[in-house]
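Numbering (my numbering), first residue to last: 21 to 716.
If you want it as structure tokens, here you go:
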């Protein structure tokens, strides 16, 4: 819960306030005073009468009515202190620095819940416990350093961890980032990352609020709310990047299928961020770099011009950008290229990267930027690499770069690598309100991640061709939990509009033989029963006669745990894969990719959260490393990605109305000349209903 008293209090009491700035309660007061908090401030400390110039009370029962209380006293006294403040002193917002609660023991967790209950019953807001506090344009209620420059157009940081928030700030400040607010959630006893995002979303003011949010999340308590408010903020013009730490592999039974072996909470997070349009990061430095890119003009394309006075870093940047899917197009207009070359020093290169040489002057830098902006076609952004050549100071060059960044219609990404030799000039540039990417590869990685992250995707159900009542009747009448019989798989796929290869599963050779004669040889035979057919030799391919089928049928039925033999036509085509696994809180994680070796060895899969719309399914397919196969690599026939997307969407609709399905595996889906069809599928169900006598 976030309220106005937490955001903009008229008065603050620091319980445990101290004259010693080495203590949290003392450093907090110093930060509040240095931040020029405009309201009333009090301290509570039984050993003092004045703390850093503030009036100090011996007990919380003595203070005036107050909006916000900052708690920095031992855990065992917090409940009594909070009870007095919430019930008698009208406090409507609490920031608790104190540790020693749920993060340490069950008893601490119980005490934490009691404190949160008292605060919630009073209609008050709680940030923490076990947090470093918060900072915004109204009050600096952090007990830590550094305190960054506050700017309404700066970034918002929301962090589960106080220590991580500090280190993110360290990286961001060094790059030149300003801050609008910093939030440390700590244990999140009442207020979570989702609560803060909800407040920012529902109260968003495009004229006054920051449009950049950086998140460090240790626990996603409510994925639906996180998705709702991050995607809503992004649709309102915000840009969000996030680290989600603490992901782990799924349980032991997960290894019973390809989907189970691959689907895990991390893929669920990946799918959630993709659907929301959140750029995912894996390090503090990467998160800060994304924040720095977000402060610049948006890059509306993938074509980058590189202006440099050092060839090596330009080559490194070119390689990194190209690897991530960005383009560094050659300057194709020879006449304009020669015109630029005539205005640079002899020996300069204008092919892109544009190398103005180590002895290039600010006028050459300005000229190269002007040509990239106004004369060269198909340039969407400009990366400028300019450090100190060790001969002269570069103040004038950075002054020129400052002016060009303010006036250029395209984004300029400054790479100023001389953080030691030209540290004074770099500080001079950053203090003008700019950011600096001292490492060109970090910049390239950030740009490519933004390129690869889709805009918020639709969460709408597409139900054309999906028979929901039939799906429910089938699910409601499955007799027991476990992997369901092939006949149920066929029925569910038919109801969901997912095409399957014609097949029969039978323990009778006569029945299997009649089916094979009807569909025509060659056929495939597979054992029904054992979980891993290939591990027990449970698959026979390219069976071309009735006698051959009889031999394989008898062999397969002799395998331990065999229940029947499944017979299908022998089809040729490109193997695809689709599957799903239910993840607690997130729902069904849907996976797709190429089948066969691509899924078994390379694990080249994309993930999405059900329900999926066509747009998201196509985005998943196009994100695959093997996507070129879909387009038809080396003269081979490709795959109808729209048909594959339709099957993925129908699969997600099936899962939406059959939540009893906990694991589903289609491997392979075969892309043939007649279309895409499921050849082998397994579904694990947790049945909760007894079958009806008239099920079908």
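Where a beta carbon is used, it is the ideal one built from N, C-alpha and C, also for glycine.
Predicted model only: the values in this text are computed from it and were never measured.
Comparing C-alpha distances from residue 57 to each of 79, 40 and 27 shows the shortest one belongs to 27. Under the three-state reduction of DSSP, residue 132 is assigned to helix. DSSP, reduced to helix, strand and coil, places residue 686 within a strand of the structure shown. By the neighbour-count definition (other C-beta atoms within 10 Å, threshold 16), residue 622 is an exposed residue. It is roughly 34 Å from the alpha-carbon of residue 300 to the alpha-carbon of residue 139. For residue 84, the secondary structure class from DSSP, reduced to helix, strand or coil, is coil. A contact is defined here as three or more CB-CB pairs under 8 Å, and the stretch 586-599 fails this definition with respect to the stretch 217-226. Taking C-beta atoms under 8 Å as the contact rule, residue 250 and residue 22 fail to qualify, at a distance of about 16 Å. Partner residues in the beta bridge of residue 702, as assigned by DSSP, are 685.
With a cut-off of 8 Å on Cβ pairs, the stretch 498-506 is not in contact with the stretch 655-674, counting fewer than three such pairs. Looking at 406, 563, 555 and 510, the one whose alpha-carbon comes closest to that of residue 701 is 510. With contacts defined as CB atoms closer than 8 Å, residue 93 and residue 118 qualify as a contacting pair.
Where residue 588 is concerned, the enclosing beta strand (DSSP E) starts and stops at 584-589. For residue 308, the closest of 665, 632, 184 and 100 by C-alpha to C-alpha distance is 184. Taking a 10 Å sphere around the C-beta of residue 443, we find fewer than 16 other C-beta atoms and assign the residue as exposed.
A straight-line Cα-Cα distance of about 40 Å links residue 474 and residue 441. Counting other Cβ atoms within 10 Å of its Cβ, residue 384 reaches 16 or more and is therefore classed as buried. Secondary structure at residue 473: coil, using DSSP grouped into helix, strand and coil.
Cα atoms of residue 306 and residue 233: separation of roughly 14 Å, rounded to the nearest angstrom.
Counting only unbroken stretches of 4 or more residues, the alpha helix (DSSP H) elements lying wholly within the stretch 496-543 are 506-516 and 529-539, in sequence order. If you draw a 10 Å sphere on the C-beta of residue 173, you find fewer than 16 other C-beta atoms in it, and that means exposed. The distance from the Cβ of residue 114 to that of residue 74 is about 19 Å, inconsistent with a contact at the 8 Å cut-off. Here residue 582 is actually not in contact with residue 572; their C-beta atoms are around 12 Å apart, not less than 8 Å. Following the DSSP letters along the chain, one finds residue 572 inside the alpha helix (DSSP H) bounded by residues 566-577. Runs of the alpha helix (DSSP H) lying entirely within the stretch 228-266 and spanning at least 4 residues, in chain order: 243-255.
Within the same chain, 564 come within 6 Å of residue 541 by CB-CB distance, once the 5 residues on both sides are set aside. At least 8 Å separates the beta-carbon of residue 388 from that of residue 399. Out of 703, 426, 567 and 512, the CA that lies nearest to the CA of residue 534 is found in 567. Judged by pairs of C-beta atoms under 8 Å, the stretch 430-441 touches the stretch 391-406, as three or more such pairs exist.
Assignment of residue 459 by DSSP, reduced to helix, strand and coil, places it in the coil class. Beyond the five residues adjoining it in sequence on each side, residue 242 comes within less than 8 Å, by CB distance, of 212, 214 and 605 in the same chain, given in chain order. Around the beta carbon of residue 359, fewer than 16 other beta carbons lie within 10 angstroms, which makes this residue exposed. Taking every protein chain shown into account, the CB of residue 656 has fewer than 16 other CB atoms within 10 angstroms, so this residue is exposed. Per DSSP, residue 182 is one residue of the alpha helix (DSSP H) stretching across 182-195.
Per the coordinates, the alpha-carbon of residue 663 lies some 8 Å from the alpha-carbon of residue 695. Across the structure, residue 46 and residue 471 are spaced so that their CA atoms are roughly 45 Å apart.
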